[in-house]
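Protein sequence lines correspond, in order, to chains E and R.
Heads up: the first sequence is residues 9 to 521, going by this note's numbering.
Heads up: the second sequence is residues 9 to 521, going by this note's numbering.
Where a beta carbon is used, it is the ideal one built from N, C-alpha and C, also for glycine.
So the structure is just underneath, and the comments pick up after that.
Protein chains: 2
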Amino acid sequence: MHERSALREGILFTDQYQFTMAQVYFRLGIHERPALFDHYFRRYPHYDSHQAGYCIAAGLEGLLDWMDAARFDAQALEVLRGQRTRRGAQLFGDDFLAWLRDQGSFASLTLRAIPEGRVVHPHVPLTVAEGPLAMAQLLETALLNRINFQTLVATKASRIRDVAGEATIMEFGLRRAQGLGGNEATRAALIGGADFSSNVGISAELGLPSRGTHAHSLVQVVMALGQSELAAFRAYAEVYPDDALLLVDTINTLESGVPNAIKVFEELRVKGHEPLGIRLDSGDLAYLSMRAARMLDAAGFPNTAIVLSNDLDELVIWQILAQISQESRREGTDADAVIRRLVFGVGTHLVTSWGEPALGGVYKLVAVADQGHWRPAIKISETPEKTPTPGRKQALRLYDQRGKATADLLLLEGEDPLSQESILLHHPADARFRTLRRDEISAEQLHEVAFAEGQRQAPAMLAAMRARRDADVARLDPGVTRLVNPHIYHVSLSDQLWNMKQQLIRDAYQQRP
Amino acid sequence: MHERSALREGILFTDQYQFTMAQVYFRLGIHERPALFDHYFRRYPHYDSHQAGYCIAAGLEGLLDWMDAARFDAQALEVLRGQRTRRGAQLFGDDFLAWLRDQGSFASLTLRAIPEGRVVHPHVPLTVAEGPLAMAQLLETALLNRINFQTLVATKASRIRDVAGEATIMEFGLRRAQGLGGNEATRAALIGGADFSSNVGISAELGLPSRGTHAHSLVQVVMALGQSELAAFRAYAEVYPDDALLLVDTINTLESGVPNAIKVFEELRVKGHEPLGIRLDSGDLAYLSMRAARMLDAAGFPNTAIVLSNDLDELVIWQILAQISQESRREGTDADAVIRRLVFGVGTHLVTSWGEPALGGVYKLVAVADQGHWRPAIKISETPEKTPTPGRKQALRLYDQRGKATADLLLLEGEDPLSQESILLHHPADARFRTLRRDEISAEQLHEVAFAEGQRQAPAMLAAMRARRDADVARLDPGVTRLVNPHIYHVSLSDQLWNMKQQLIRDAYQQRP
Chain E
9 MHERSALREG
19 ILFTDQYQFT
29 MAQVYFRLGI
39 HERPALFDHY
49 FRRYPHYDSH
59 QAGYCIAAGL
69 EGLLDWMDAA
79 RFDAQALEVL
89 RGQRTRRGAQ
99 LFGDDFLAWL
109 RDQGSFASLT
119 LRAIPEGRVV
129 HPHVPLTVAE
139 GPLAMAQLLE
149 TALLNRINFQ
159 TLVATKASRI
169 RDVAGEATIM
179 EFGLRRAQGL
189 GGNEATRAAL
199 IGGADFSSNV
209 GISAELGLPS
219 RGTHAHSLVQ
229 VVMALGQSEL
239 AAFRAYAEVY
249 PDDALLLVDT
259 INTLESGVPN
269 AIKVFEELRV
279 KGHEPLGIRL
289 DSGDLAYLSM
299 RAARMLDAAG
309 FPNTAIVLSN
319 DLDELVIWQI
329 LAQISQESRR
339 EGTDADAVIR
349 RLVFGVGTHL
359 VTSWGEPALG
369 GVYKLVAVAD
379 QGHWRPAIKI
389 SETPEKTPTP
399 GRKQALRLYD
409 QRGKATADLL
419 LLEGEDPLSQ
429 ESILLHHPAD
439 ARFRTLRRDE
449 ISAEQLHEVA
459 FAEGQRQAPA
469 MLAAMRARRD
479 ADVARLDPGV
489 TRLVNPHIYH
499 VSLSDQLWNM
509 KQQLIRDAYQ
519 QRP
Chain R
9 MHERSALREG
19 ILFTDQYQFT
29 MAQVYFRLGI
39 HERPALFDHY
49 FRRYPHYDSH
59 QAGYCIAAGL
69 EGLLDWMDAA
79 RFDAQALEVL
89 RGQRTRRGAQ
99 LFGDDFLAWL
109 RDQGSFASLT
119 LRAIPEGRVV
129 HPHVPLTVAE
139 GPLAMAQLLE
149 TALLNRINFQ
159 TLVATKASRI
169 RDVAGEATIM
179 EFGLRRAQGL
189 GGNEATRAAL
199 IGGADFSSNV
209 GISAELGLPS
219 RGTHAHSLVQ
229 VVMALGQSEL
239 AAFRAYAEVY
249 PDDALLLVDT
259 INTLESGVPN
269 AIKVFEELRV
279 KGHEPLGIRL
289 DSGDLAYLSM
299 RAARMLDAAG
309 FPNTAIVLSN
319 DLDELVIWQI
329 LAQISQESRR
339 EGTDADAVIR
349 RLVFGVGTHL
359 VTSWGEPALG
369 GVYKLVAVAD
379 QGHWRPAIKI
389 SETPEKTPTP
399 GRKQALRLYD
409 QRGKATADLL
419 LLEGEDPLSQ
429 ESILLHHPAD
439 ARFRTLRRDE
449 ISAEQLHEVA
459 FAEGQRQAPA
469 MLAAMRARRD
479 ADVARLDPGV
489 TRLVNPHIYH
499 VSLSDQLWNM
509 KQQLIRDAYQ
519 QRP
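Quick look at the structure:
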């Protein structure tokens, strides 16, 4: 198993064409030519009825781990040496394989990145890879795989965080997650907004306790052996007197589960323990929350949690909260008090980013070194938004006087727009622009060096990534964090970059046949 | 990295509540009581505008690998020992942890399963786990994680296979896949219907060559260095004279890409090589296929492949084929000849099962041993379809005289419905039924033993799994394989099983408070 996983998760965790292209570069003698690739996404996830107005960067850590460990070892080279052309000849030459063996390390690359947990927007590179063309090319698949997916899930988690307010969010999705990718989903969820996860291994790795309740099977087992739901609850509470969180919907939530839970809670209290709460996993969760809250209140347990689960996502949570706010008076409960005790267990919809299960991040060549200079590279698309912004760039985030992020600005290396009195911000794809006065804004560089000279940056603490997320979301205009139809955040090009891009597009059109 | 991956991928690759429940079973003294859990899904994937009428089982192999390797080693036990109650006490007792260390192996379980590659339907257990209650409980999360996901992706691949006919299907999705889960997605795609994958490592593991073309970056690099698309094509063809497959849409497909590809193909032929083909990755793929085919035909390359890619799924492929069939005469090409040369590169939509990114497979307790007998377990749901079918069961597939599968039949252990002249087939959730005459059908047991007495079955060859898929799909009624609104395949209960289930439901209702 270990040998196999080394094969499938190591340097061969990539697309075939990365190797075929790398060999062409090798034959052309340009494989060690410095090259620059930008990784960015073009639009926010769009979950049918709702849309993200920002994303949360995640996944860098796993990529750095991989870059650090991936090697052209004997096993990987053997696979490549065994590949054949259509005529049965060796596909990859021995000289190229020897180069991979001797020089094929990601230690030659520099990776700049927007740190994990930060808010990110379309067209602004999340990562920029710089180094020998062949190795920068070979990085593509693993980079996209790791960062696209975790950014997608962290974004979904952040939306759930936005709507859940102060409530605890527990990620429960491993059983519906994508094989081993489930670990990455959990990690991204914890960066983006989930407080805890049920996933034991990765939680331990991140230094977080894993959380859970119990399943229907516990009640079923006890009942199949001739006893009752109450007996099952008692057995659970006896083992976990200080952590009794009981799933109350195995038989009937309001007629059996909640009354039995209350009985057990009373017994616990007699013995000096405070119960944790109940979990509702089916039915009308808003209605049942209010009813269960009233029953728990009446029994003297107003502080017990009510954990909700069952295909929750940000929109369903929003609806539950709205319904409780509107109907609690009629139900004879206090909406704020009910909402304060809610905990959300989110699984499938979070870890799969239901509605938009992939982030379309791309990795595009933006410059190649030629005689000591960076030659910007362009690829024209019929859709202007799809034409990459060429060149070696900086990315700034501009904040207004309220401290709110007002735009992300891409500019050329060496440009200092803040030396001018006013800054021209071009729309990335069309001719629109706006200007900002220098003294009205502050600016921040978004990229940090994550990997250079064979050294990767130290892993970030989960708490630090979460703090970045919270700080960045707080600095967004509320319209941008709106669940449905959010306000479009501005991503702009500097005047110099805009002009350079337009010139390259014109040149490319002139070169067309 | 290796230590970490052992933690996150080993025995702790599970939900916290599996451990808390297992400890309750331990305290009740029923942790070694034989128990039976069925794993099944309740409905086919529903991709918004289209729906599956069958699924393809996949993912068992990875589960067996995991069961074989997962251990309560010192590191895992240390994590569990470190968990705390709300009051700061040790959550898991040393006696329970010692039991896990000494007895906590999946070697005590027996797993029966429908082999990978086979057609499967709702409510028919894909796997049945039998063994000590605590270990059967602890298996749940990993089992659901592996088999739900791969079955989901194999199903999507099979639909693409159904619509693509004889055309080659290449899986290209790693960059948009779910981290390391991407390997499982590739594997499932290859079982379900993809011929090849771009994913190098897992393809090698499965004994399959990985396939690919080249990316836009190759053309861009060469152009950024002052040369042309033609120069890039020439460079590629020089390195791969027998495998030249050129991506023709970097500049303009019909005005630049195809003419340049033809130039290079002519040069190859002069040197005694036959080109492989072109790839189209943007624009109206149906229209461009016909145009490119005409140009290639006119140049004397009627046998070159045309690879299509760009967010393809089964519906898009269907539309492309329909459009070519309808419009080829007007375009001056032969539809069959164009279609015969098409190759489909599918990525994002396949590996994420876009539209329905999770299979809702569940793992339900169906029986517990009590004094040497199996006591069937039931869990009533307000939705009749959600009430599991209790008891230790067999699963048969019934074929009619044409050799077509007419129903899957669940029955109790020991039942032999084929000894009767007619077989009564009950709808699983309501009172409808139908009868079949014994002499009109043949029957097949669906489950095989996959893991028993600490031994796992030998890994299946990819070719064998694919052969199962092909044979099973061929035995489906065409209405069942329809892309949109498929005919509903019958899954039925035997008379005896139906009566037992109804009795248990009645009993459970009578026991309600």
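So, with DSSP's three-state summary, where would you put residue i?
i                     : result
residue 176 (chain E) : strand
residue 15 (chain E)  : helix
residue 304 (chain R) : helix
residue 209 (chain E) : helix
residue 159 (chain R) : helix
residue 248 (chain E) : coil
residue 264 (chain R) : helix
residue 103 (chain E) : helix
residue 113 (chain R) : coil
residue 164 (chain E) : helix
residue 91 (chain R)  : coil
residue 489 (chain R) : helix
residue 412 (chain E) : coil
residue 431 (chain R) : strand
residue 237 (chain E) : helix
residue 256 (chain E) : coil
residue 128 (chain R) : strand
Considering only their Cβ atoms, is the gap separating residue j from residue i smaller than 9 Å?
i                     : j                     : result
residue 67 (chain R)  : residue 196 (chain R) : yes
residue 232 (chain R) : residue 376 (chain E) : yes
residue 133 (chain R) : residue 365 (chain E) : no
residue 374 (chain R) : residue 243 (chain E) : no
residue 491 (chain R) : residue 322 (chain R) : yes
residue 23 (chain R)  : residue 182 (chain E) : yes
residue 207 (chain E) : residue 225 (chain E) : no
residue 200 (chain R) : residue 175 (chain R) : no
Determine the burial state of residue i: buried for a count of at least 16 other Cβ atoms within 10 Å of its Cβ, exposed for fewer.
i                     : result
residue 517 (chain E) : exposed
residue 337 (chain E) : exposed
residue 355 (chain R) : buried
residue 486 (chain E) : exposed
residue 443 (chain R) : exposed
residue 93 (chain R)  : exposed
residue 499 (chain E) : buried
residue 57 (chain E)  : exposed
residue 139 (chain R) : buried
residue 75 (chain R)  : buried
residue 410 (chain E) : exposed
residue 26 (chain E)  : buried
residue 496 (chain R) : exposed
residue 457 (chain R) : exposed
residue 445 (chain E) : exposed
Which complete alpha helix (DSSP H) runs does the region 493-520 of chain R hold, if anything under 4 residues is left out? 503-519
Three CB pairs or more closer than 8 Å across the region 343-350 of chain E and the region 286-306 of chain E: yes
Which ranges does the beta strand (DSSP E) cover as unbroken runs of at least 3 residues, wholly within the region 18-79 of chain E, from first to last along the chain? 42-48
Three-pair Cβ contact test at 8 Å for the region 333-343 of chain R versus the region 503-513 of chain R: no
What are the complete alpha helix (DSSP H) segments, minimum 4 residues, inside the region 270-321 of chain E? 293-306
Would you be able to state if there are at least three C-beta pairs under 8 Å between the region 191-206 of chain E and the region 158-165 of chain E? yes
With a threshold of 8 Å, are at least 3 pairs of Cβ atoms found where one atom belongs to the region 246-253 of chain R and the other to the region 277-286 of chain R? yes
Every unbroken beta strand (DSSP E) inside the region 307-392 of chain R [3 residues or more]: 313-316, 350-354, 370-378, 381-384
If you pair each beta-carbon of the region 396-410 of chain R with each one of the region 80-88 of chain R, do three or more pairs fall below 8 Å? no
Inter-stretch contact (C-beta, 8 Å, three-pair minimum) for the region 258-272 of chain R and the region 299-313 of chain R: yes
Can we say the region 379-388 of chain R touches the region 426-445 of chain R, given the rule of at least three CB pairs closer than 8 Å? no
Counting pairs of Cβ atoms below 8 Å between the region 38-53 of chain E and the region 118-137 of chain E, do you hit three or more? yes
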